[in-house]
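Reading through the structure tokens given below for one structure.
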Amino acid sequence: MSDSEPHVGAESATVARSWLGEAPVTPVILVVGGAASIALWFGVRVSDGLSVERSASWLVLFFGLALTGLAALFARTMRRHSLTLGRLERSEHDAKHDVLTGLLNRAGLTEALTDILSDRRGAALSGVLFLDLDRLKVVNDSIGHSAGDEVLSEVARRLALIIREDDIIGRFGGDEFVIVSTGVPAISDLTTLADRVLDALKEPAVLSDESSQMIAASIGIAFAARSEATAEDLLRDADLAMYRAKEAGGARYEVFDDEMRAQAVARLEVERELRRAIRTGQLIVHYQPIVDVRTGGVDRLEALVRWQHPVRGMIPPGAFLSVAAESGLIVDVGEHVLREACRQSALWTAAIGREVMVSVNVAERQLVDTSLVDTVRRVIGETGINPSQLELEITEELIVDRLDHRLTVLHELVAMGVQLAIDDFGTSRASLGQLKKLDMVNTLKIDRAFVIDVVNDVVDRKIITAIVALAESVGMEVVAEGVEDADQVSVLRQLGIDRIQGFYFQRPGPSENMASLLGKRFEVPEPIDLGI
Ligand code: C2E
Ligand code: MG
Ligand code: MG
2 MSDSEPHVGA
12 ESATVARSWL
22 GEAPVTPVIL
32 VVGGAASIAL
42 WFGVRVSDGL
52 SVERSASWLV
62 LFFGLALTGL
72 AALFARTMRR
82 HSLTLGRLER
92 SEHDAKHDVL
102 TGLLNRAGLT
112 EALTDILSDR
122 RGAALSGVLF
132 LDLDRLKVVN
142 DSIGHSAGDE
152 VLSEVARRLA
162 LIIREDDIIG
172 RFGGDEFVIV
182 STGVPAISDL
192 TTLADRVLDA
202 LKEPAVLSDE
212 SSQMIAASIG
222 IAFAARSEAT
232 AEDLLRDADL
242 AMYRAKEAGG
252 ARYEVFDDEM
262 RAQAVARLEV
272 ERELRRAIRT
282 GQLIVHYQPI
292 VDVRTGGVDR
302 LEALVRWQHP
312 VRGMIPPGAF
322 LSVAAESGLI
332 VDVGEHVLRE
342 ACRQSALWTA
352 AIGREVMVSV
362 NVAERQLVDT
372 SLVDTVRRVI
382 GETGINPSQL
392 ELEITEELIV
402 DRLDHRLTVL
412 HELVAMGVQL
422 AIDDFGTSRA
432 SLGQLKKLDM
442 VNTLKIDRAF
452 VIDVVNDVVD
462 RKIITAIVAL
472 AESVGMEVVA
482 EGVEDADQVS
492 VLRQLGIDRI
502 QGFYFQRPGP
512 SENMASLLGK
522 RFEVPEPIDL
532 GI
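Count the sequence shown with the numbering used here and you get residues 2 to 533, in order.
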């Protein structure tokens, strides 16, 4: 089905019906019919030459009026009927179309694509181009949503100019558009169309405020030949290919292929298994001590999740956290680790008679999830630890973007008495302005990248010196991560680091391996001054 013809036809019918509905047909019939009946009655009464009896004039009047009444009743019923039909058609039309651009919306386009796929003929292909604008968020955030709307309308206009008559365009929501191209002989026709789209979006859009806005798009292409692909399959494949185009820098297209399909299937399989792993307790927590360099004591450990897979053995977090983040499962994983770490903190504290702190990593999805604060409060209550025994680690990356949105959550956590740390510091260019807003943070964890060469690289030593000075000025402690040898410890001590975490002291391990370390004092190598 091409949407355009039936759509136009339906609209003209709607217009005709609504005209009928809105015209004052019933009163007109009443007036005209009534007048005609009276005129006829009068005519019969005054005319001498007619063969009709004068007494019959009342009969004429009666039938005239009755006929008029019936006609008026019929017109009224038709009018009501047409209004209802008109409204139904309008609401059906609205349900399938995007208000801003007038294009089909997600529901309308999916339905149209389903029709096309069920009507597949011959060797021709049907293809989907999934477009995602690369810069709409920047326009919305910097100039405002009405400017964003103008850009979207302009994109819709330009796309309409380049598609073939039978192609269908839809706005899928937000900054996503979909073009469905039917009956194309080869995949190269789809890539040619994608090239035309990229060309059409090259010229900046001039908005009503006279500013020029660049409007590039990332495009994913998926096609159905004789396969049994459904509309949802095609749209999902094209969406995945679009992500590839975006990852590759945007303003380009990618065609969905077998390799992408295999990766998508593997990812889905990991997701399915991970779901089960959460349910069946395959996710376990290891701990790594964070050693105080002045005393060599351990009163703080980082909780690190691992997947104890029944067949593949111990899987490190780097191998499954991205799937967990994309699927949203990270919220469940995070809550599990949080509960487990707090429970362990309570056990250790009871065992040694002094408070042991646990540091728990928080993923972006958890930070934007409105339930984080409640979850933390509930877990602290359940496990009975002092809130200051819990430190939440937030990577620097998460405070570089949209810090203002996240400050509220961080303040609520601090108000509860929980400690905060910035993890992997030095990897994401947080600004001084952003750090100033984070004065409620207790700890800054310098990323391993600066530690690896600290003995040989004077630049790394300079960077660490600057970070330590910065942290001191805002009252934060500094932890160095990934410390593997004694020389690194000595140099880091000299540079003013407060705590050290790394294989040199202890690799992460199960909670039972850590119990004996809590009462112990590690021997910490003396500082060495290598100059900076
Ligand atoms: P991270 O939070 O920066 O954790 C430190 C990582 O460095 C851990 O890797 C740890 O095993 C490793 N490490 C510690 N000392 C050394 C060392 O001396 N040398 C080297 N080469 N590595 C060292 P792991 O356990 O594989 O975790 C990797 C990342 O996964 C973590 O980095 C963290 O970002 C994330 N992660 C781990 N557990 C969780 C969790 O429960 N939730 C979330 N959201 N993320 C987690
Ligand atoms: Mg961490
Ligand atoms: Mg880290």
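The beta-carbon is built from N, C-alpha and C at its ideal position, and this holds for glycine as well.
{"Query": "First through last residue of the beta strand (DSSP E) which encompasses Y505", "Result": "Neither: Y505 is in no beta strand (DSSP E) and is coded neither H nor E."}
{"Query": "N-terminal and C-terminal residue of the beta strand (DSSP E) that G171 is part of", "Result": "I169 to G174"}
{"Query": "Segment limits, beta strand (DSSP E) that includes A422", "Result": "Q420 to F426"}
{"Query": "Length at least 3, wholly inside the segment 198-273: the beta strand (DSSP E) runs in chain order", "Result": "218-225 and 254-256"}
{"Query": "Beta-ladder partner(s) of V299, from DSSP", "Result": "V292"}
{"Query": "Same chain only: Cβ atoms within 7 Å of V16, ignoring 5 sequence neighbours per side", "Result": "Bear in mind that the predicted position of V16 carries a pLDDT of just 41, short of 50, making it too unreliable to give a figure here."}
{"Query": "D425 beta carbon near ligand 3 (any heavy atom closer than 6 Å)", "Result": "yes"}
{"Query": "7 Å Cβ cutoff, H287 in contact with chain D", "Result": "No chain D appears in the structure shown, which is made up of a single protein chain."}
{"Query": "Rounded separation between F523 and G297 - CA only", "Result": "5 Å"}
{"Query": "Beta carbon of A304 nearer than 7 Å to that of V338", "Result": "yes"}
{"Query": "Rounded C-alpha distance that separates V312 from A246", "Result": "35 Å"}
{"Query": "At least three beta-carbon pairs within less than 8 Å, the segment 353-371 to the segment 320-340", "Result": "yes"}
{"Query": "Close Cβ partners of D424 (< 6 Å) along its chain, the five nearest in sequence each way excluded", "Result": "E394, T396 and K446"}
{"Query": "Contact under 7 Å by Cβ, L191 with G128", "Result": "yes"}
{"Query": "Per-residue DSSP class, three states only, for L191", "Result": "helix"}
{"Query": "Buried/exposed call for N457, threshold 16 Cβ in 10 Å", "Result": "exposed"}
{"Query": "Helix, strand or coil at N457 according to DSSP, with G and I counted as helix", "Result": "coil"}
{"Query": "DSSP three-state assignment for A481, whether helix, strand or coil", "Result": "strand"}
{"Query": "D333 in three-state terms, based on DSSP", "Result": "helix"}
{"Query": "Expected contact under 8 Å - CB spacing of S389 and Q420 to nearest Å", "Result": "6 Å"}
{"Query": "Among L235, A278, W42 and E248, the one whose alpha carbon lies nearest that of S182", "Result": "L235"}
{"Query": "Secondary structure of D99, DSSP reduced to three states", "Result": "coil"}
{"Query": "Selection from I285, D402, E413 and D461 that minimises the alpha carbon distance to L436", "Result": "D402"}
{"Query": "Under the three-state DSSP convention, the category F309 falls into", "Result": "For the record, residue 309 in the displayed sequence is Gln; it is not Phe. The answer is strand: DSSP assigns Q309 an E or B state."}
{"Query": "C-beta atoms of E392 and A422 nearer than 7 Å", "Result": "yes"}
{"Query": "Distance cut-off 6 Å: E482 Cβ against heavy atoms of ligand 3", "Result": "yes"}
{"Query": "Backbone secondary structure at T111 - three-state DSSP", "Result": "helix"}
{"Query": "T409 versus L373 - alpha carbon distance", "Result": "12 Å"}
{"Query": "Selection from R253, G221 and R379 that minimises the alpha carbon distance to T240", "Result": "The sequence as given places Asp at residue 240; Thr does not occur at that position. Of R253, G221 and R379, the residue nearest in Cα terms is G221."}
{"Query": "Option in D293, R301, L269 and V306 with minimal Cα separation from I285", "Result": "V306"}
{"Query": "Distance between I465 and L531 (C-alpha atoms, nearest Å)", "Result": "13 Å"}
{"Query": "Spatial neighbours of D238 in its chain, beta-carbon cut-off 6 Å, leaving aside the 5 residues before and after", "Result": "A223 and F257"}
{"Query": "CA-to-CA distance, D448 to F426, given in whole angstroms", "Result": "5 Å"}
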